[in-house]
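The structure appears right after this line, and notes come after that.
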Amino acid sequence: MATRARVVQMEQRAATGGNALLVLVGLSITFLLIVALLGAAKSGGSLFSESNLLYVALIFYAGAGALYMGFGVTGTARYVKFASTATVIGLAANTLAVAHRWYQSGRPPFASIYEMLLSFVWTVALLTLVAEKKFGVKIIGSITMPLAVVCVILMQLLPSEVRPLVPALQSTWLHVHVTLAMLAYAACAVSFALAMMFLIQDGLKTETFLAWTSATVSAIYVAIVATRFDKGGLSVTAWDASTKSDLFLGRGMRLFVTIPDLGWLFVIAALAGLAPLALYFAGHWKKDESFLGIANRAIFIGILLQIVVLAAFALRAHDASYPSPDQDGLFPTSLAASPFLLGGMVTGIFASLLYLMLLWRREDLQGMLPSADTLDRVTYKTISIAFPLLTGMIATGAYWANRTWGSYWSWDPKETWAAITWLVYAGYLHMRITRGWRGRRAAYFAILGFGIVIFTFLGVTYLLPGLHAYA
Amino acid sequence: MAFSVLSIPKRIHKTFSNLRTGVVLLILTGIASALGTFILQRPATDPDKLARVYSPATLQWLDRLGLTDVFHTWWFLTLLGLVSLSIVLVSIDRFPNAWRFYARPYRKTDSHFRSALPNKVELPINNAEDGLNAAERGLKKSGWPVERIADAHNVTNSGSPADAAFASAGAVEPSLYSERHRFSVMAVYIVHASLLLIFAGGIIDGLFGYSGFMALQNGQTSNTIELRKGGTRQLPFAVKCNGAGQENYADGSPKRWWSRLAVVENGQQIKAKEIVVNDPLIHNGLRFYQASFGSTGKLEGLKVAVTQEAGSTAELTLAMNEPVQLDPKTTVTLAEYIPDFFIRDNQIFKKSDDPVNPAFRLQVKNTVTGEDAKLWMFPAYNPAAQGEYTKYKFDFRGMQMGYFTGLEVSHEPGQWLVWAGCLLMGAGLFVAFYLVHMRVWITAVTDARGNLVLWIGGQSNKNRDRFEQKFNELVDSIRSELEGASAIPFSAKREKPELTLAGVK
Chain A
12 MATRARVVQM EQRAATGGNA LLVLVGLSIT FLLIVALLGA AKSGGSLFSE
62 SNLLYVALIF YAGAGALYMG FGVTGTARYV KFASTATVIG LAANTLAVAH
112 RWYQSGRPPF ASIYEMLLSF VWTVALLTLV AEKKFGVKII GSITMPLAVV
162 CVILMQLLPS EVRPLVPALQ STWLHVHVTL AMLAYAACAV SFALAMMFLI
212 QDGLKTETFL AWTSATVSAI YVAIVATRFD KGGLSVTAWD ASTKSDLFLG
262 RGMRLFVTIP DLGWLFVIAA LAGLAPLALY FAGHWKKDES FLGIANRAIF
312 IGILLQIVVL AAFALRAHDA SYPSPDQDGL FPTSLAASPF LLGGMVTGIF
362 ASLLYLMLLW RREDLQGMLP SADTLDRVTY KTISIAFPLL TGMIATGAYW
412 ANRTWGSYWS WDPKETWAAI TWLVYAGYLH MRITRGWRGR RAAYFAILGF
462 GIVIFTFLGV TYLLPGLHAY A
Chain D
5 MAFSVLSIPK RIHKTFSNLR TGVVLLILTG IASALGTFIL QRPATDPDKL
55 ARVYSPATLQ WLDRLGLTDV FHTWWFLTLL GLVSLSIVLV SIDRFPNAWR
105 FYARPYRKTD SHFRSALPNK VELPINNAED GLNAAERGLK KSGWPVERIA
155 DAHNVTNSGS PADAAFASAG AVEPSLYSER HRFSVMAVYI VHASLLLIFA
205 GGIIDGLFGY SGFMALQNGQ TSNTIELRKG GTRQLPFAVK CNGAGQENYA
255 DGSPKRWWSR LAVVENGQQI KAKEIVVNDP LIHNGLRFYQ ASFGSTGKLE
305 GLKVAVTQEA GSTAELTLAM NEPVQLDPKT TVTLAEYIPD FFIRDNQIFK
355 KSDDPVNPAF RLQVKNTVTG EDAKLWMFPA YNPAAQGEYT KYKFDFRGMQ
405 MGYFTGLEVS HEPGQWLVWA GCLLMGAGLF VAFYLVHMRV WITAVTDARG
455 NLVLWIGGQS NKNRDRFEQK FNELVDSIRS ELEGASAIPF SAKREKPELT
505 LAGVK
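Quick note, the sequences are listed as chains A and D, same order.
Using the working numbering, you'd call the opening residue of the first sequence number 12 and step up by one each time.
Using the working numbering, you'd call the opening residue of the second sequence number 5 and step up by one each time.
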């Protein structure tokens with residue numbers, strides 16, 4: 012009798028504990044919606060404006076992401092169901108935002124980086140739901156929702172006016188090429204998430220995930236320090252608030268300003284990122300498991316440190332003026348001038364959080380996922396969808412380029428990297444079909460492929476010059 | 005084994021026709037291409053920028069290794085050639101087997117084959133003919149094509165008693181064969197062939213194609229282009245510009261550039277087209293693209309409004325140094341034009357050639373008395389001309405600047421192979437990924453216990469889990485046909501556990 016009472020008591024406590032986060036997230040969403048409503052009413056603008064709709068989408072995507080993370084912390088399976096619902100509502104709001112923009116500009120949203128992100132987020136949310144319903148991989152949102160949130164946050168900082176199309180973009184081929192690109196990249200993103208899940212299900216050691224997460228975070232911060240550290244300060248692009256674009260010195264050369272002392276914070280963050288990696292190697296060399304425990308704690312501290320660095324950056328880079336090494340005087344900068352720095356930092360934080368979720372809830376995750384073999388096969392199926400889309404994207408891009416610039420292949424960096432991406436996925440298919448590479452090797456290949464996709468989509472635009480300057 | 009000279013070509017063949025070499029070549033191509041995006045490339049970069057970014061020593065080494073023009077350097081082209089060679093050799097190696105498989109399908113099973121097949125089911129039947137008929141109906145109901153194989157040749161000489169019985173009876177052993185999408189085994193060769201087609205197009209364009217730039221002023225005819233790689237080339241015909249323009253959006257950014265072009269052959273304008281960006285003029289394999297539009301900086305005419313004292317206003321366009329008759333006794337001439345002026349010591353000087361702050365000198369001449377009145381017009385300050393007295397007032401109305409239309413010209417004879425290759429690749433990929441080659445064999449045999457059974461077996465070349473599902477559906481369909489036809493109740497069905505994505509049920 013007493014045992015039964017105790018069991019009932021425990022169940023009740025679990026139930027209340029389980030409800031806590033749901034209530035919290037529900038209240039937050041309601042609160043934010045009411046604030047947004049009041050804000051819209053006060054400013055007198057339209058209630059269903061595009062930015063309001065996007066804000067609603069952001070709130071629900073963030074809610075979904077929080078619930079997936081909540082599952083990571085408490086292990087309550089019910090969170091995932093509500094997270095799914097939140098994703099659906101967010102997608103609905105996102106669709107309305109896309110429709111609104113389409114109606115306003117008279118064409119689908121493909122002409123600027125803001126519009127591309129809008130389309131990309133929509134596609135990612137849609138494919139997340141497809142993967143959940145069709146393939147039964149319900150937990151995929153834990154990777155794709157944070158990605159969507161990062162993108163929407165970035166969008167808030169980018170110039171969003173509907174700009175009329177320059178002559179080169181006035182073509183139906185634009186829509187075909189960009190649609191194929193969005194679908195292809197989204198399919199690659201989903202295959203990446205599936206490959207990660209395969210590795211979780213296949214029993215890849217948690218400490219290996221630790222090493223890779225730490226390596227990714229360090230790479231981000233080391234890259235920032237290597238390219239932007241300037242005598243203790245951080246070098247960022249100057250921003251012209253009137254034209255809502257970067258300030259240029261001359262043809263194609265951006266003006267940079269230095270935020271003093273901020274560079275040191277990033278150096279500290281880079282070291283903090285390297286610490287778990289160093290502890291991992293030390294633990295292997297000394298064959299001592301206790302190093303891993305310290306490494307895990309280092310990741311946790313690293314997250315807190317990364318949040319501090321992000322806050323410091325946001326506070327100092329937002330709407331302030333700093334001196335420039337290239338010209339005399341103070342020049343303004345803004346968060347909008349550094350979308351990649353922000354993106355990199357947020358990615359680092361999310362990667363670390365996802366690792367902690369894996370560390371604390373691995374068995375529950377493995378219980379929720381399909382078998383490793385299924386995940387392996389579904390990854391292959393996703394890539395067999397992505398590859399023809401990539402081929403179509405490159406072919407239509409070449410045909411369109413031929414009509415606009417008279418040359419179907421000019422070894423432009425974006426074209427070249429798209430071809431390299433295509434080669435990598437062709438390599439995956441060859442190794443799988445002909446050499447029978449399954450399982451781990453295939454998963455690594457798929458992850459590498461997505462890394463190259465990220466570089467092609469974002470890295471080339473901002474790091475390498477060329478004709479593809481539009482997006 | 006004795007070493008013989010003949011083995012060297014064989015060795016080369018072997019090296020290049022295996023997959024590992026192919027993948028290594030692909031990796032090298034990828035790395036080389038990446039280098040071509042990170043290192044500044046000569047065709048697209050200003051020489052001063054190159055000098056700024058790389059030290060002379062570095063630049064010298066980069067040039068020597070071909071890294072400043074990776075995509076046209078001999079080793080890159082060789083790499084692409086080796087990739088093509090590898091594709092050709094691998095295809096030659098594997099195609100005969102694939103063709104044999106495609107051209108001579110294995111329509112009849114023997115007992116070895118039957119036991120090795122992954123998907124198989126045995127259903128008890130009364131007699132072979134009824135069983136096969138039921139199976140045929142089942143196949144048709146499920147949408148499978150059916151072939152009846154009546155074959156007097158025994159494929160069943162495995163030595164087992166059941167097969168021997170059939171053999172000795174000399175009976176014609178009928179069976180059913182059903183397959184779909186046999187063509188998909190050829191898909192991979194189509195995909196690779198299409199890739200070679202694309203390369204061939206690129207090679208032809210590299211050898212025989214050319215592209216360049218032509219700037220035409222309004223009314224100008226030209227048949228010479230400045231080649232992108234330097235030098236000029238004469239075209240087989242000339243092109244004339246009969247007008248060009250630029251339309252802007254409300255915010256001033258360009259909306260549309262257009263040119264009215266005409267093809268001129270033997271002095272005759274034989275074809276005319278108004279082109280815009282994305283819509284070129286095509287004639288005899290040459291394409292003229294609207295690339296840009298600009299001002300030549302020359303003033304073609306000054307538009308003024310002329311008002312006589314207490315009289316009417318007329319609009320005139322004055323060209324440089326060309327007198328215009330205002331009335332029988334008076335002419336006005338645009339005598340001087342300074343695009344960007346400044347005044348010092350009461351004198352007007354030219355600051356620059358940018359028409360940002362123009363000055364115009366008008367001379368109003370009385371043809372009878374010879375009086376010459378000088379007027380200056382500074383539109384940035386005052387639209388009215390100021391100066392010596394005349395009974396005419398002149399107001400600035402606008403400047404007509406000379407313009408040129410910038411055309412990109414290209415000749416790409418190989419592009420049709422490239423587009424054909426792309427379409428073929430699309431078709432090939434579709435067949436390769438989405439059409440599954442599935443085969444089902446049905447025959448009446450005696451099982452291990454000596455009972456007559458209908459043996460149903462099937463196989464697919466990819467997507468095995470989906471095929472298993474289809475196979476089970478087919479078996480159920482045949483079962484229902486058999487149930488309808490005969491009264492034999494069914495013994496325990498061999499039930500396979502259904503595999504779904506959520507795990508084994």
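No residue lacks a Cβ here, since even glycine has one placed at the ideal position from N, Cα and C.
Quick caveat: nothing in here was measured; it's all calculated off a predicted structure.
One finds nothing in chain D with a Cβ atom closer than 9 Å to the Cβ of A/Trp-448; even the nearest lies about 11 Å away.
Distance from the CA atom of A/Trp-113 to the CA atom of A/Pro-119, rounded to whole angstroms, is 5 Å. Chain A has no Cβ within less than 9 Å of the Cβ of D/Leu-211. For A/Trp-296, the nearest beta carbon of chain D is not closer than 9 Å to its own beta carbon. Annotated three-state conformation of A/Lys-425 is helix, per DSSP.
Among the CB atoms of chain A, none fall inside 9 Å of the CB of D/Ser-146.
Distances from the alpha-carbon of D/Phe-400 to those of D/Pro-387, D/Gly-410, D/Gly-406 put D/Pro-387 closest. It is roughly 15 Å from the alpha-carbon of D/Ile-16 to the alpha-carbon of D/Val-28.
Taken through DSSP and simplified to helix, strand or coil, D/Asp-451 comes out as coil. Counting C-beta atoms within 10 angstroms of its own C-beta, A/Gln-212 has 16 or more neighbours from the protein chains shown and is therefore classed as buried. If you look at D/Ile-202, you'll find it in the alpha helix (DSSP H) that goes 191-212. Residue D/Tyr-407 holds the alpha-carbon nearest to the alpha-carbon of D/Lys-302 among D/Asn-465, D/Tyr-407, D/Tyr-214, D/Asn-222. Taking a contact to require three or more Cβ pairs closer than 8 Å, the stretch 460-468 of chain D and the stretch 114-128 of chain D qualify as touching. When 7 Å is used as the limit between beta carbons, A/Ser-395 is near these residues of chain D: Phe-437, in chain order. Under the Cβ criterion of 9 Å, D/Val-57 is not counted among the residues facing chain A. For the 9 Å CB-CB criterion, D/Ile-482 and D/Tyr-181 do not form a contact. Within the same chain, Met-442 come within 8 Å of A/Arg-452 by CB-CB distance, once the 5 residues on both sides are set aside. Contact between D/Glu-151 and D/Arg-111 holds, with the beta-carbon distance rounding to 7 Å and staying under 8 Å.
Contact between D/Ser-37 and A/Ile-360 fails: their C-beta atoms lie close to 33 Å from each other, not under 8 Å. The beta carbon of A/Leu-210 is closer than 6 Å to those of Ala-454 in its chain, skipping five residues each way along the sequence. For the stretch 237-256 of chain D, the beta-carbon criterion of a distance under 8 Å to any beta-carbon of chain A is satisfied by Tyr-253, Asp-255. Residue-level contact by beta carbon fails for A/Phe-121 and chain D, as no gap is shorter than 9 Å. In the three-state scheme derived from DSSP, where H, G and I count as helix and E and B as strand, D/Ala-266 is classed as strand. Per DSSP, D/Asn-123 lies in no alpha helix (DSSP H) segment; the continuous beta strand (DSSP E) that holds it begins and ends at 123-128.
Between the alpha carbons of A/Phe-324 and A/Asp-272 lies a distance of about 11 Å.
Below 8 Å, enough C-beta pairs join the stretch 385-400 of chain A and the stretch 194-210 of chain A to call them touching: three or more. None of the residues of the stretch 70-99 of chain A has a beta carbon lying less than 9 Å from any beta carbon of chain D. Annotation: Cβ neighbours of A/Leu-434 in chain D (cutoff 9 Å, chain order): Leu-30, Ile-31, Thr-33, Gly-34, Ser-37.
Among the residues of chain A, those whose CB is under 8 Å from the CB of D/Leu-433 are Phe-398, Pro-399, Thr-402, following chain order. Counting along the chain, no alpha helix (DSSP H) covers A/Glu-300, and no H or E run does either.
Beta-bridge pairing by DSSP links D/Leu-285 to D/Phe-292. Between the beta-carbon of A/Ser-335 and that of A/Val-268 there is about 5 Å, and that keeps the pair under the 8 Å contact cut. Here the alpha carbons of D/Leu-411 and D/Leu-290 stand approximately 12 Å from one another.
Here A/Lys-145 is exposed. Its C-beta has fewer than 16 other C-beta atoms within 10 Å. For the options A/Ile-310, A/Leu-315, A/Ala-237, the alpha carbon positioned closest to that of A/Val-278 is the one of A/Ala-237. Pairing D/His-76 with D/Phe-212 gives a Cβ-Cβ distance that is not under 9 Å.
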